[in-house]
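The numbering of the sequence shown is the numbering used here, which starts it at 6 and goes up by one. C-beta atoms are modelled at their ideal positions from N, C-alpha and C, and glycine is treated no differently. Values in this document were obtained by computation on a predicted structure and should not be read as measured data. Here the structure is laid out as structure tokens; the discussion comes afterwards.
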Amino acid sequence: MNTLKSILFFIIAGFFEIGGGYLIWLWLREGKGIEFAILGA
């Protein structure tokens, strides 16, 4: 059970990592508001 829990947390962390990078990208390249950068940090 601990292994499954660890894998699940790893996958969730990966989604957050990718999402944060995408929000920073939107702020830098697409001219979105500063709130995108704050949420992505």
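Asked, Found
"What does a CB cutoff of less than 7 Å around Leu44 pick up in its chain, not counting 5 residues either side in sequence?", "Leu28"
"Which class does Ala46 belong to by DSSP, given the choice of helix, strand or coil?", "coil"
"Compute the Euclidean distance between the alpha carbons of Ile12 and Glu35, then round it to the nearest angstrom.", "33 Å"
"Using the C-alpha atoms, what's the distance from Met6 back to Phe21?", "23 Å"
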